[in-house]
Amino acid sequence: MTAHEIDYEIFGEEMQYVEIELDPQEAVVAEAGSFMMMDNGISMQTIFGDGSNQNQGVMGKLFSAGKRLLTGESLFMTVFLNEYQGKRKVSFASPYPGKIIPIDLSQFGGRFICQKDAFLCAAKGVTVGIEFSRKLGRGFFGGEGFIMQKLEGDGMAFVHAGGTLARKELAAGEMLKVDTGCIVGFTPSVDYDIQFVGGIRNTLFGGEGLFYATLRGPGIVYIQSLPFSRLASRVFAAAPQGGGKDRGEGSLLGGLGNLLDGDNRF
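Start counting the sequence shown at 1488; every next residue gets the next number (our numbering).
This is the structure we're talking about:
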């Protein structure tokens, strides 16, 4: 299925959103919960999966939805269709601080592989599938498990990265070593594997985990500086534990700071 041709503009710096302009009868499919706002004249419909198998009967719909269930995503996605006579706009927001990456699949050979929770929205006709890892080490220790998301088609797709984004274009044979959680996505020509950090001190006291990812070119890779898992773990570590006492900044001095700034909760 040829994807709909859509125009877009990305706004913001740290908390971005993408505004998509739809011609009459053009549509965009989005991850549940990413919707921000839309013009009057756009209809919203919840569907199984990504909509790529909507004309293949019940089994096609169930297969499409089942693929999403394997990646840990919702069974449902939302289609926004412009039923107005003129151009209409719909916007989708990033779920946490970072950058929205526009991916023109026609420039990536019709296929792009990304982490499971990176997909934000895409032109109707883009297939959101799964990519199985055939390497045991990568599946067990690669940070993304055995399953990643696979975007296929010839239209525009948008994925989200946490923090600051780095785009690296690797030459044939060139290798980049990356923290396993910092990978956003890469082109299919990139060979993705994992490698043991090595060294007793690095393993026991390095604090960077036992493995890092290796990405070998040729191809393009996108790296994020702040994976959501890292952000969540830091927030959890700073949150009140057990009896609800706030850890504060700097323990005793943190408690003194609370008294000085008027936060006198005990």
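The C-beta atom is built at its ideal place from N, Cα and C for all residues, glycine as well. Quick caveat: nothing in here was measured; it's all calculated off a predicted structure.
As assigned by DSSP and simplified to three states, the class of residue i
{"i": "F1563", "result": "strand"}
{"i": "L1713", "result": "coil"}
{"i": "F1723", "result": "helix"}
{"i": "T1667", "result": "helix"}
{"i": "Q1636", "result": "strand"}
{"i": "Q1572", "result": "coil"}
{"i": "Q1682", "result": "strand"}
{"i": "G1624", "result": "Low confidence applies to G1624: its pLDDT is 49, below 50, so where it sits in the model is not reliable, and the reading given next is rough at best. If DSSP states are grouped into helix, strand and coil, G1624 belongs with the helices."}
Residue i vs residue j beta-carbon contact at 8 Å
{"i": "R1598", "j": "P1675", "result": "yes"}
{"i": "V1566", "j": "Q1532", "result": "yes"}
{"i": "G1704", "j": "A1659", "result": "yes"}
{"i": "D1680", "j": "T1667", "result": "no"}
{"i": "K1637", "j": "G1616", "result": "yes"}
{"i": "P1589", "j": "G1649", "result": "no"}
{"i": "L1592", "j": "A1514", "result": "no"}
Inter-residue spacing [alpha-carbon to alpha-carbon] between residue i and residue j
{"i": "Q1711", "j": "E1570", "result": "37 Å"}
{"i": "H1647", "j": "F1723", "result": "22 Å"}
{"i": "H1491", "j": "Y1699", "result": "38 Å"}
{"i": "I1707", "j": "I1670", "result": "12 Å"}
{"i": "C1601", "j": "A1609", "result": "14 Å"}
{"i": "G1596", "j": "V1516", "result": "21 Å"}
{"i": "G1612", "j": "F1606", "result": "15 Å"}
{"i": "E1757", "j": "I1529", "result": "There is simply no residue 1757 to check, as the chain begins at 1488 and stops at 1753 in what is shown."}
{"i": "D1641", "j": "D1494", "result": "14 Å"}
{"i": "D1604", "j": "G1573", "result": "33 Å"}
{"i": "V1665", "j": "F1683", "result": "12 Å"}
{"i": "G1520", "j": "F1563", "result": "11 Å"}
{"i": "F1500", "j": "Q1594", "result": "Looking at the sequence provided, one finds Glu at residue 1500 rather than Phe. Approximately 25 Å, taken between the alpha carbons."}
{"i": "F1673", "j": "F1619", "result": "14 Å"}
{"i": "T1614", "j": "E1639", "result": "5 Å"}
{"i": "I1634", "j": "A1726", "result": "31 Å"}
{"i": "S1720", "j": "F1498", "result": "28 Å"}
{"i": "E1518", "j": "L1663", "result": "30 Å"}
{"i": "F1535", "j": "R1717", "result": "31 Å"}
{"i": "E1496", "j": "L1509", "result": "12 Å"}
{"i": "T1651", "j": "V1677", "result": "22 Å"}
{"i": "T1489", "j": "P1584", "result": "32 Å"}
Beta-bridge pairing of residue i - partner residues as DSSP gives them
{"i": "P1589", "result": "F1645"}
{"i": "G1672", "result": "C1601, Y1709"}
{"i": "Q1532", "result": "V1566"}
{"i": "L1702", "result": "L1663, Y1679"}
{"i": "K1655", "result": "V1708"}
{"i": "G1616", "result": "K1637"}
{"i": "I1497", "result": "V1505"}
{"i": "E1513", "result": "Its beta-bridge partners do not exist; DSSP assigns none."}
{"i": "A1610", "result": "V1515"}
{"i": "A1580", "result": "Y1504"}
{"i": "M1524", "result": "S1578"}
inquiry  = If contact is defined by three or more beta carbon pairs under 8 Å, each pair taking one atom from either stretch, is the segment 1570 to 1582 in contact with the segment 1517 to 1529?
reply    = yes
task = Could you tell me whether the segment 1502 to 1521 touches the segment 1649 to 1660, where touching means 3 or more Cβ pairs closer than 8 Å?
result = no
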